[in-house]
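Student: First to last, the protein sequences are chains A and B.
With the UniProt record's numbering, the residue at position 211 of the first sequence is 211, and numbering never jumps.
With the UniProt record's numbering, the residue at position 194 of the second sequence is 194, and numbering never jumps.
Ideal Cβ placement from N, Cα and C applies to all residues, glycine included.
There are 2 protein chains.
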Amino acid sequence: MDRPAPRRVTIVDVARHAQVSTTAVSKVLRNAYGASPAMRLKVQQAIDDLGYRPNAAARGLRGQTYTIGVMLPELRNLFFADILDGITAQLGDSVYQVLLAPGCNGEKAEARVIDAMVDRSMDGLILIAPVSAKARLTEVARHTPTVVVGRHGSSTAYDTVTDDDIAGAALVVDHLVGLGHRRIAHIEHHETDRVRLAEMPNTQRANGYRQAMTAHGLEAEIDVASTSYTQAGGYLGAQQLLARPNPPTAIFAGADVVALGAMEAIAEAGLTIPGDISLAGYDNSALAAFGPISLTSVDQDGRQMGADAARLLVDRIGQRDRRTAQITLSPTLVTRRTTAALP
Amino acid sequence: MDRPAPRRVTIVDVARHAQVSTTAVSKVLRNAYGASPAMRLKVQQAIDDLGYRPNAAARGLRGQTYTIGVMLPELRNLFFADILDGITAQLGDSVYQVLLAPGCNGEKAEARVIDAMVDRSMDGLILIAPVSAKARLTEVARHTPTVVVGRHGSSTAYDTVTDDDIAGAALVVDHLVGLGHRRIAHIEHHETDRVRLAEMPNTQRANGYRQAMTAHGLEAEIDVASTSYTQAGGYLGAQQLLARPNPPTAIFAGADVVALGAMEAIAEAGLTIPGDISLAGYDNSALAAFGPISLTSVDQDGRQMGADAARLLVDRIGQRDRRTAQITLSPTLVTRRTTAALP
DNA sequence: AAACATTTGGAAAACGTTACCCACATCACC
DNA sequence: GGTGATGTGGGTAACGTTTTCCAAATGTTT
Numbered sequence: 001m002d003r004p005a006p007r008r009v010t011i012v013d014v015a016r017h018a019q020v021s022t023t024a025v026s027k028v029l030r031n032a033y034g035a036s037p038a039m040r041l042k043v044q045q046a047i048d049d050l051g052y053r054p055n056a057a058a059r060g061l062r063g064q065t066y067t068i069g070v071m072l073p074e075l076r077n078l079f080f081a082d083i084l085d086g087i088t089a090q091l092g093d094s095v096y097q098v099l100l101a102p103g104c105n106g107e108k109a110e111a112r113v114i115d116a117m118v119d120r121s122m123d124g125l126i127l128i129a130p131v132s133a134k135a136r137l138t139e140v141a142r143h144t145p146t147v148v149v150g151r152h153g154s155s156t157a158y159d160t161v162t163d164d165d166i167a168g169a170a171l172v173v174d175h176l177v178g179l180g181h182r183r184i185a186h187i188e189h190h191e192t193d194r195v196r197l198a199e200m201p202n203t204q205r206a207n208g209y210r211q212a213m214t215a216h217g218l219e220a221e222i223d224v225a226s227t228s229y230t231q232a233g234g235y236l237g238a239q240q241l242l243a244r245p246n247p248p249t250a251i252f253a254g255a256d257v258v259a260l261g262a263m264e265a266i267a268e269a270g271l272t273i274p275g276d277i278s279l280a281g282y283d284n285s286a287l288a289a290f291g292p293i294s295l296t297s298v299d300q301d302g303r304q305m306g307a308d309a310a311r312l313l314v315d316r317i318g319q320r321d322r323r324t325a326q327i328t329l330s331p332t333l334v335t336r337r338t339t340a341a342l343p
Numbered sequence: 001m002d003r004p005a006p007r008r009v010t011i012v013d014v015a016r017h018a019q020v021s022t023t024a025v026s027k028v029l030r031n032a033y034g035a036s037p038a039m040r041l042k043v044q045q046a047i048d049d050l051g052y053r054p055n056a057a058a059r060g061l062r063g064q065t066y067t068i069g070v071m072l073p074e075l076r077n078l079f080f081a082d083i084l085d086g087i088t089a090q091l092g093d094s095v096y097q098v099l100l101a102p103g104c105n106g107e108k109a110e111a112r113v114i115d116a117m118v119d120r121s122m123d124g125l126i127l128i129a130p131v132s133a134k135a136r137l138t139e140v141a142r143h144t145p146t147v148v149v150g151r152h153g154s155s156t157a158y159d160t161v162t163d164d165d166i167a168g169a170a171l172v173v174d175h176l177v178g179l180g181h182r183r184i185a186h187i188e189h190h191e192t193d194r195v196r197l198a199e200m201p202n203t204q205r206a207n208g209y210r211q212a213m214t215a216h217g218l219e220a221e222i223d224v225a226s227t228s229y230t231q232a233g234g235y236l237g238a239q240q241l242l243a244r245p246n247p248p249t250a251i252f253a254g255a256d257v258v259a260l261g262a263m264e265a266i267a268e269a270g271l272t273i274p275g276d277i278s279l280a281g282y283d284n285s286a287l288a289a290f291g292p293i294s295l296t297s298v299d300q301d302g303r304q305m306g307a308d309a310a311r312l313l314v315d316r317i318g319q320r321d322r323r324t325a326q327i328t329l330s331p332t333l334v335t336r337r338t339t340a341a342l343p
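(1) Using a Cβ-Cβ cutoff of less than 6 angstroms, which residues in the same chain neighbour K42 of chain A once the five nearest sequence positions on both sides are dropped?
(2) Taking R53 of chain A as the reference, give the member of A:P73, A:G34, A:R30, A:M39 with the closest Cα.
(3) What in chain B is Cβ-close to P247 of chain A, meaning under 7 angstroms?
(4) Counting only runs that start and end within the segment 250-337 of chain B, where is the beta strand (DSSP E) found for 3 or more residues in a row?
(5) How would you write the range of the beta strand (DSSP E) that S226 of chain B sits in, first residue to last?
(6) Compute the distance between the beta-carbons of residue 344 of chain B and D301 of chain B, then report whether it is under 9 angstroms.
(7) Using the Cα positions of N77 of chain B and G106 of chain B, report the straight-line distance between them to the nearest angstrom.
(8) With DSSP collapsed to three states, give me the class of H17 of chain A.
(9) So what does DSSP say about G234 of chain A, is it helix, strand or coil?
(10) Beta carbon of D123 of chain B, beta carbon of Y158 of chain B: below 9 angstroms?
(11) Would you mind working out which of B:Q231, B:R40, B:G51 sits nearest T10 of chain B, comparing C-alpha positions?
(12) Return the bridge partner residues of M71 of chain B from the DSSP annotation.
(13) Buried or exposed for D49 of chain A, please, with buried defined as at least 16 other CB atoms from any protein chain shown within 10 angstroms of its CB.
(14) Taking Cβ positions only, does D119 of chain A come closer than 9 angstroms to chain B?
(15) Does the segment 208-225 of chain B come close enough to the segment 277-296 of chain B to have 3 or more Cβ pairs within less than 8 angstroms?
(16) Given a cut-off of 9 angstroms, decide if D163 of chain A and T335 of chain A are closer than it, judged by their beta-carbon atoms.
(17) Could you check where the alpha helix (DSSP H) with D48 of chain A kicks off and where it finishes?
(18) Return no unless some Cβ of chain B is closer than 9 angstroms to the Cβ of V70 of chain A.
(19) Along chain A, in chain order, which residues have C-beta atoms closer than 8 angstroms to that of T88 of chain B?
(20) Roughly how many angstroms separate the alpha carbons of V161 of chain A and I128 of chain A, rounded to a whole number?
(21) Comparing alpha-carbon positions, which option in B:D165, B:H143, B:R142 lies nearest V149 of chain B?
(22) Tell me which residue opens and which closes the beta strand (DSSP E) that D164 of chain B is part of.
(23) According to DSSP, what are the bridge partners of V149 of chain B?
(24) With a cut-off of 8 angstroms, do at least 3 Cβ pairs link the segment 261-269 of chain A to the segment 219-238 of chain A?
(25) Mapping the DSSP letters down to three states, classify A185 of chain B as helix, strand or coil.
(26) Check G208 of chain A in the structure and name its three-state DSSP category.
(27) Please name the residue, chosen from A:Q45, A:G34, A:G92, that lies closest to R16 of chain A on a Cα-to-Cα basis.
(28) Assuming the contact rule is C-beta atoms closer than 8 angstroms, A310 of chain B and S297 of chain B should be a hit. Round their C-beta distance to whole Å, please.
(29) Let me know the secondary structure DSSP gives V9 of chain A once reduced to three states.
(30) Starting from D301 of chain B, find everything on chain A with Cβ-Cβ shorter than 7 angstroms and list it in chain order.
(31) Assign P248 of chain B to one of two classes, buried (16 or more other C-beta atoms within 10 Å of its C-beta) or exposed (fewer than that).
Have a look at this one:
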C-alpha cells in the first residue's frame, strides 16, 4: 500500500502504445494541424488506456502551461471572491487552470507573488487591485498577457476592467439627498502614494462623493474622515465624524467592512441606525445582504467583472498584439434598512 | 514602450557572465555542496547583475518546483482563510511559494484540481477538508507529499491535522447544560457517502453531540435536524426543530453559517435570542465575533492548524519515508451573547 | 502524364535546469 | 614520496514536451 508510485506515464509511452511518433501524440493533445481523424482516434484510445496526463513543467519549457494566475490582495473580502467566481465560471470549461496566490497586501508581497507567477511561466495574469507602480505592471504585461481589475487608468500594455466608482459614489449621495439628508459625510481610505493616487478606486469614490455633493450644491457640507478600508478604519472614522461640533446625519462608507466598523461606533455612541443616522457601504458583499445587518450598499457585480477579465485575458493570450481594451461597468445601488428619510 | 520583452536571462547567461559553468551556478542557487565561498560570491554577483530568476518549469522537469499547492473547498468560509493564514505565515520565509486553487466543492472539481496540481509537479499538497475517496488520497500522497487538514481518520500515506470535533461538540453541550438547558437540539450536515461518513468533521460533531448528551443523562432529549452546512441549511433546520411538538430551548448549529440561517428562522418565528432560545455555532469565524451577531461558538484556531500542516509538509518533503503523523488540536469555547441561562 | 498543391506522419533539435559522474588539486598521514 | 581523503569545479546526459523542419503519399490541375 505504501510502495512508491510507479513512474508516471509520458508521451513516449503513449506513442509506443499507439505505435505512432511522439509528435503525433503531441498534435492530438493540442488539437494541432496535421493529424488525420483515424490518427486522433488511435492516439486518444492510447491516452485513455494508459491514463496519460501531460506534464505541465515540460510543456511550460516549450509551449504553454495552460495556467492563469490570479492575484488578489485579500481573501476575506467577499467582493474579491465574487470576482473570482466570475473568473472561474468563465474559465471553467476552458483548457486553463486558475491558480491564485494567497493574500498579498503591500507592494513587496505583491512583487514577490507576481515574480513567482512569471517564474512559473503562467500563460496569463489577472491582477486584482494591484498597488505596484504602473511601470512595473507595464513591464510584467510586456512578457505575460495581463488584465488589471479594479484600478483606473488605462495602459497600452494591459487590459483593464473597472467599476465606475465615481458614478457609484454619486448613486449613494443622490439617494441620501433624496431622503432629505444634507450633512452627508464620507469615510475614505487614506492613500499616501502620489502616483497611485488617481488610479485607486478609493480615490475615485472620494472624488465622486465630492463631485456629487457639489452637484447638489452641498459643497459646504463636504466632510471626510480619512482612515482605511478596514473594520477598524470604519470604527475610527465614524468616531471622528460623530465627535464633530455638527455631526452628520448620514455616513457614506467607502466599503462594506468600513460600514461594519462604523455600525459599532454608532451603536457605542448610543445612536440608532437609521433613526439617528443613515449609513451606506460599497461592494454589496454578502455581509451587507445578511438579514440582521441589511446595509444599503453599492453593487459592483464582481462576477461580471471577473468574467470580463477572464474573457479579455484569453482573448489576449490568443492575440497578443491587439489593442488594449478598457471595460467599465456601471454600479447599481441596493437600498436596505440602514438608510431612511430624515424625520 | 510596448516593444516585446527581451529573452529572459537564463542560467547560461549567468554562467558566462561569472565565467564559470552552469553546474556551479546551479549549485549556488540550491545551496548545494561543492561550491567554495569565493565561487558563491562571484556567482551571486552575476545573478544580481543580470537580475536572473530561475525558470520554474525547467526546474520542475528535473528537480523541485518550490511550489506548494493548497486546495480548499470554499473561499468564503472564513475559517479556511484562517488556516491559509497559518500556512502562509509558516511558509512566508521559506523557499516555497503557496498557490491555491479556487473553490472546489464536490468530488469532481476536487479531482480536477488535485490532478492539475500533480500535473504541475508541485512539491507538496495541503488538502483542506477533501471529500475524495480515501483510496484516491492515498494514491496522490504516494507520489506527492500530502497533508490532509480537517478530516479524521489516519493514513500511512499522508499526515493529518484535525480539530477534536467530538470534544468541541461536548464543550457546547456542557456549556448549555450548565446554563440549565435540557432540550438541546443539533443541526447537522447530512452525509450520504458511507465511506466518508466517519472521517468528516460534521459526523464527528454530531457524534460528539450525542455522546455528550448521553453523558449528561439526556439521551431522551437528543434531537437532530439533518440538513447541510449552509445558511439555507440552518434556516431549514431551525424551522424543522421549532415545529416540533416540544421544541428545543437551545440549538447547537454545526457551523457558524448554519447558526446564521437559524437566527433568521428564529426571528421569523417571533422568538428572541437568547431570551427564548439559545444558539451556538462552530468555527468562531469573524462573523461570530462581529458585534451585532455575537455568536457563542467553538474556536478551532485555524492559524495553528495551518501552521502545523505547513510544518508537517515541509518536513515530509525533506524526508519522504518518515512515519506519518496525526496532529489533533483541542478546540475552545467562546461564549457570547446568543447563549443564556434558562429563566 | 507531368507538375504542383495538400495532407499525413515522423526525426530531431530545442527549452532551462539538475543529477550524476569524473578530473584535478590540495592536504594530511603513515 | 606514496596513499587516501577531501574539496572544488565542470562535462554531459537526462527530464517530457513542443516546434521546426522534411519526406512521402495522395490529390488536383494543366
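Tutor: For this structure:
(1) A18
(2) Nearest of A:P73, A:G34, A:R30, A:M39 to R53 of chain A, Cα basis: A:R30.
(3) Per Cβ cutoff of 7 angstroms: no residues; P247 of chain A is ~21 angstroms from chain B at best.
(4) 250-253, 278-283, 296-299, 326-329, 332-334, all fully within the segment 250-337 of chain B.
(5) 223-227
(6) Nothing can be reported for residue 344 of chain B: it is not among the residues displayed for chain B, which extend from 1 to 343.
(7) 15 angstroms
(8) Three-state result, H17 of chain A: helix.
(9) helix
(10) With contacts defined by Cβ atoms closer than 9 angstroms, D123 of chain B and Y158 of chain B do not form a contacting pair.
(11) Nearest C-alpha to T10 of chain B: B:G51.
(12) B:A101, B:L127
(13) exposed
(14) yes
(15) no
(16) Taking the C-beta atoms as reference points, D163 of chain A is found no nearer than 9 angstroms to T335 of chain A.
(17) 37-50
(18) yes
(19) The contacting residues are P102, G103.
(20) 9 angstroms
(21) B:D165
(22) D164 of chain B -> no beta strand (DSSP E), and no H or E assigned at all.
(23) V149 of chain B pairs with B:I128, B:V161.
(24) yes
(25) If DSSP states are grouped into helix, strand and coil, A185 of chain B belongs with the strands.
(26) Helix, per DSSP.
(27) A:Q45
(28) In this structure A310 of chain B does not touch S297 of chain B by the C-beta definition: roughly 25 angstroms separates them, more than the 8 angstroms allowed.
(29) coil
(30) By Cβ distance, chain A contributes nothing, its closest Cβ being about 17 angstroms from D301 of chain B, past 7 angstroms.
(31) buried
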